[in-house]
Amino acid sequence: MNRPGPVPTVLTYLWLGIAAVVLLFPVLLTVLGGFLPSNALLHQPPQLFDGDWTLENYRAAWRQPVVPLAPAFVNSLFVGLSVMLGHLITSCLAAYALVFMRSPLRRPIFWLFLATIMVPYESIVVPNALFIRSLGINDSRLSLILPFLATGFGVFMLRQAFAQFPRELREAAVIDGCGHLRFLVTILLPASRPALIGIAVWSFLQGWNMYFWPLIISSSNNSLNTLQTAVFALKDNEGGSPAVLLAGITITLVPTLLLVIFGQRWLVRGFTAGAVK
Amino acid sequence: MTAPTLLAADTAARTDRPPGRPRRAAAPARARETALGLLFALPGLAGLGIFVIFPLFQAVYLATRGNDILGNPTRSVGMAHFQELLTPEFGTVLWQTLVFTVLVVVPGVLLPLALAAPMTQRLPGMRVFRTAFALPFAYSVSAASVVWLIMLNPGISPVNWALGLIGVPAPNWTTEPGWAMATVVGVTVWMVSGFNLLVLAAGLAGVDEEVLEAARMDGATGPRQFVSIVLPMISPSLFFAVVTTTLAALQALGQVQIMTDGGPNGHTRTLVYSIFDNAFHNNNSNFGLASAQGLVLLVIGVLIAVVQFGVLERRVHYR
Numbered sequence: 001m002n003r004p005g006p007v008p009t010v011l012t013y014l015w016l017g018i019a020a021v022v023l024l025f026p027v028l029l030t031v032l033g034g035f036l037p038s039n040a041l042l043h044q045p046p047q048l049f050d051g052d053w054t055l056e057n058y059r060a061a062w063r064q065p066v067v068p069l070a071p072a073f074v075n076s077l078f079v080g081l082s083v084m085l086g087h088l089i090t091s092c093l094a095a096y097a098l099v100f101m102r103s104p105l106r107r108p109i110f111w112l113f114l115a116t117i118m119v120p121y122e123s124i125v126v127p128n129a130l131f132i133r134s135l136g137i138n139d140s141r142l143s144l145i146l147p148f149l150a151t152g153f154g155v156f157m158l159r160q161a162f163a164q165f166p167r168e169l170r171e172a173a174v175i176d177g178c179g180h181l182r183f184l185v186t187i188l189l190p191a192s193r194p195a196l197i198g199i200a201v202w203s204f205l206q207g208w209n210m211y212f213w214p215l216i217i218s219s220s221n222n223s224l225n226t227l228q229t230a231v232f233a234l235k236d237n238e239g240g241s242p243a244v245l246l247a248g249i250t251i252t253l254v255p256t257l258l259l260v261i262f263g264q265r266w267l268v269r270g271f272t273a274g275a276v277k
Numbered sequence: 001m002t003a004p005t006l007l008a009a010d011t012a013a014r015t016d017r018p019p020g021r022p023r024r025a026a027a028p029a030r031a032r033e034t035a036l037g038l039l040f041a042l043p044g045l046a047g048l049g050i051f052v053i054f055p056l057f058q059a060v061y062l063a064t065r066g067n068d069i070l071g072n073p074t075r076s077v078g079m080a081h082f083q084e085l086l087t088p089e090f091g092t093v094l095w096q097t098l099v100f101t102v103l104v105v106v107p108g109v110l111l112p113l114a115l116a117a118p119m120t121q122r123l124p125g126m127r128v129f130r131t132a133f134a135l136p137f138a139y140s141v142s143a144a145s146v147v148w149l150i151m152l153n154p155g156i157s158p159v160n161w162a163l164g165l166i167g168v169p170a171p172n173w174t175t176e177p178g179w180a181m182a183t184v185v186g187v188t189v190w191m192v193s194g195f196n197l198l199v200l201a202a203g204l205a206g207v208d209e210e211v212l213e214a215a216r217m218d219g220a221t222g223p224r225q226f227v228s229i230v231l232p233m234i235s236p237s238l239f240f241a242v243v244t245t246t247l248a249a250l251q252a253l254g255q256v257q258i259m260t261d262g263g264p265n266g267h268t269r270t271l272v273y274s275i276f277d278n279a280f281h282n283n284n285s286n287f288g289l290a291s292a293q294g295l296v297l298l299v300i301g302v303l304i305a306v307v308q309f310g311v312l313e314r315r316v317h318y319r
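Following this line, the structure appears as structure tokens:
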């Protein structure tokens with residue numbers, strides 16, 4: 001925003017440079033460590049630019065049978081996409097009703113959705129886990145996603161977006177005989193695309209990054225590891241070889257690293273929509 | 001829990017009028033619309049009702065019960081679990097939760113601010129810096145925790161190596177009582193710095209150049225300009241960063257469980273770790289106590305929301 005001002009340019013670069021070395025060393029170690037032979041890594045400090053790079057650790061991490069990463073990848077994708085779809089569908093419908101349908105229940109329902117935003121998930125994780133166990137579906141893929149398909153946050157955000165839709169257009173559509181669902185799907189949703197993408201990214205990451213829930217609900221079934229619980233399990237099993245561990249972690253980080261590098265706009269929009277203009 | 005979005009409640013409320021429709025709709029049509037509206041809201045209401053609202057009541061019930069090994073609630077234990085919340089042990093847990101949260105939030109917001117502010121200058125390479133500093137956001141809690149365990153592993157540790165260069169002996173980061181909390185705090189600050197940097201950089205990018213120019217004409221430059229003009233103008237972003245970081249710290253589990261497992265000797269035991277430990281760790285299966293502690297977390301979460309929105313938000317400057 002401003003031109004190089006009172007702070008000398010050199011100082012700016014010096015400060016940012018030092019901060020980058022400190023803050024990004026773990027990232028560098030993660031990405032490069034997996035390519036290093038273990039004698040270069042098991043060295044203080046690790047010889048990151050040793051030269052004898054190898055793919056062996058990646059092969060070992062991908063193939064090791066104790067904590068298989070391929071199924072964990074599939075599970076994480078499944079959880080991320082299911083939570084995303086669940087959030088989108090339930091919040092689109094609810095937000096539509098809250099904005100466009102006349103009903104005496106509108107206010108109480110809105111406040112109910114809003115109130116759920118304030119409940120920290122960890123305060124209800126015990127009853128939820130016991131409930132899932134009593135249904136007998138713990139240690140199933142369904143149990144990973146079932147409690148997370150609806151969101152007060154998404155309803156709230158979409159209600160904001162829908163409320164900006166020009167009312168005259170909505171009236172014109174109704175006069176033309178356009179029903180609720182058709183109006184929602186063919187007109188309103190395309191018009192609200194930025195908000196939808198924002199929620200989609202946010203919801204996907206909610207599911208993708210989940211740790212506490214998969215840890216407790218699928219702990220006895222190794223094939224239900226998500227990438228996040230797999231990393232923890234891998235640490236216990238591959239503790240002897242940090243290089244393999246780092247290779248495994250790098251594999252799990254590829255999707256989110258790409259998102260941060262290429263999708264920053266959507267990240268910021270998704271997480272701050274409504275809160276920050 | 002994403003309370004920050006409550007911020008925009010009033011903007012939505014203003015447009016919360018029924019769309020233009022005939023004033024006096026026929027009664028059956030209105031009843032039909034009410035029913036249809038309920039139907040549309042139903043999937044969301046059902047999901048949240050079954051898995052958020054009902055469990056709140058269930059947590060109260062569980063907190064008054066003992067349970068068998070399978071977790072089925074058994075006899076009533078009255079207020080026994082709540083009485084356990086009054087012990088010095090739980091007081092320590094709450095204190096450590098508070099310490100952890102404060103120590104994460106303050107540097108977790110100030111550090112990204114100190115990085116984002118100089119990046120607003122029109123200098124080459126600033127976008128690269130922004131993306132680079134955002135990278136920790138790509139790390140899930142388990143990935144960050146395990147990578148930092150390797151970073152601090154005495155046989156590898158570049159941190160210990162750097163300390164050695166300036167002649168400072170490195171502590172046992174995760175096993176020394178005086179250091180374990182600081183270590184988990186530091187890793188959490190690192191984790192939240194990426195996201196907060198993106199939020200604050202976006203806020204700074206929205207600061208109006210003309211206002212700054214006017215301030216410069218009036219002689220406000222440098223730090224003075226930053227504190228009295230830029231900070232108020234980015235207060236929504238700052239507020240958002242503070243709220244989300246507070247909630248993230250309050251709800252932290254993975255970094256504690258993976259890096260120290262609450263240890264050494266309970267020195268990194270926080271409220272959420274305690275809930276996890278009592279209910280699910282090592283087959284402890286004390287679901288009643290964990291539920292009671294969950295209710296404490298609920299109360300703290302709501303209190304924080306009230307304080308932040310009642311006190312702090314009044315100072316936030318929205319355009």
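Note that the protein sequences, when read in sequence, are chains A and B. Its first residue numbered 1, the first sequence is counted upward by one per residue in my numbering. Its first residue numbered 1, the second sequence is counted upward by one per residue in my numbering. Every residue gets a Cβ at the ideal spot worked out from N, C-alpha and C, and that includes glycine.
- Straight-line spacing of the CA atoms in A:Y96 and A:L184 works out to 7 Å.
- A:A191 and A:M84 have their alpha carbons spaced roughly 19 Å apart.
- At a cut-off of 8 Å between beta-carbon atoms, B:P232 makes no contact with chain A.
- Identification of residues in the region 151-162 of chain B having a C-beta nearer than 8 Å to some C-beta of chain A yields M151, N153, P154, G155, I156, S157, P158, N160, W161, A162, given in sequence order.
- Cβ neighbours of B:L250 within its own chain (closer than 6 Å, five residues either side excluded): T101.
- In the same chain as B:P154, and ignoring 5 residues on each side of it, the C-beta atoms closer than 7 Å to its own belong to N160, in chain order.
- By the Cβ neighbour-count rule, B:Y61 is exposed, with fewer than 16 other Cβ atoms within 10 Å of its own.
- Judged by DSSP secondary structure, B:T34 falls within the alpha helix (DSSP H) whose first and last residues are 27-48.
- Per DSSP, the beta-bridge partners of B:N67 are B:P73.
- In the assembly as shown, A:M101 is a buried residue. Its beta-carbon has 16 or more other beta-carbons within 10 Å.
- Between the region 258-265 of chain A and the region 118-137 of chain B there are three or more C-beta pairs closer than 8 Å, enough to call the two in contact.
- Pairing B:V146 with B:Q255 gives a Cβ-Cβ distance that is not under 8 Å.
- The region 116-130 of chain A makes no contact with the region 45-64 of chain A: fewer than 3 CB pairs, one atom from each, lie closer than 8 Å.
- At the C-beta level, A:I199 and A:H87 come within 8 Å of one another.
- For the 8 Å CB-CB criterion, A:A20 and B:A248 do not form a contact.
- Fully contained in the region 56-109 of chain A are the following alpha helix (DSSP H) runs of length 4 or more, in chain order: 56-63, 69-100.
- B:N196 counts as buried, since at least 16 other C-beta atoms from the protein chains shown sit within 10 angstroms of its C-beta.
- Contact holds between the region 206-223 of chain A and the region 61-79 of chain A, because three or more Cβ pairs, one in each stretch, are under 8 Å apart.
- Bounds of the alpha helix (DSSP H) holding B:H81 are 80-84.
- Taking 8 Å as the cut-off, the Cβ atoms of B:A143 and A:L253 count as close.
- Where A:A195 is concerned, the enclosing alpha helix (DSSP H) starts and stops at 193-209.
- By the neighbour-count definition (other C-beta atoms within 10 Å, threshold 16), A:M157 is a buried residue.
- Sequence-distant Cβ neighbours of B:V306 in its own chain, meaning closer than 7 Å and more than five residues away, do not exist here.
- Three or more Cβ pairs closer than 8 Å define a contact, and the region 99-115 of chain B falls short of that threshold against the region 275-294 of chain B.
- A distance below 6 Å between beta-carbons, with the five flanking residues on each side excluded, links A:S203 to the following residues of its chain, in chain order: V83, M84, H87.
- DSSP, read as helix, strand or coil, puts B:Y139 in coil.
- Measuring C-alpha to C-alpha distances from B:H281 to each of A:L144, A:W213, A:L189, A:F110 identifies A:W213 as the nearest.
- Listed along chain B are L198, V199, A202, each with a C-beta nearer than 8 Å to that of A:V268.
- Taking C-alpha positions only, A:A94 is separated from B:L38 by approximately 8 Å.
- Contact check between the region 197-211 of chain B and the region 220-233 of chain B: three or more CB pairs, one atom from each, fall below 8 Å, which counts as touching.
- Counted as a single uninterrupted DSSP element, the alpha helix (DSSP H) harbouring A:Y13 occupies residues 9-33.
- In summary, B:W190 is buried, with 16 or more beta-carbon neighbours lying within 10 Å of its beta-carbon over all protein chains present.
- Annotated three-state conformation of A:I216 is helix, per DSSP.
- Here the region 58-72 of chain A lies against the region 236-250 of chain A, with 3 or more beta-carbon pairs under 8 Å apart.
- Among the CB atoms of chain B, one or more fall inside 8 Å of the CB of A:M101.
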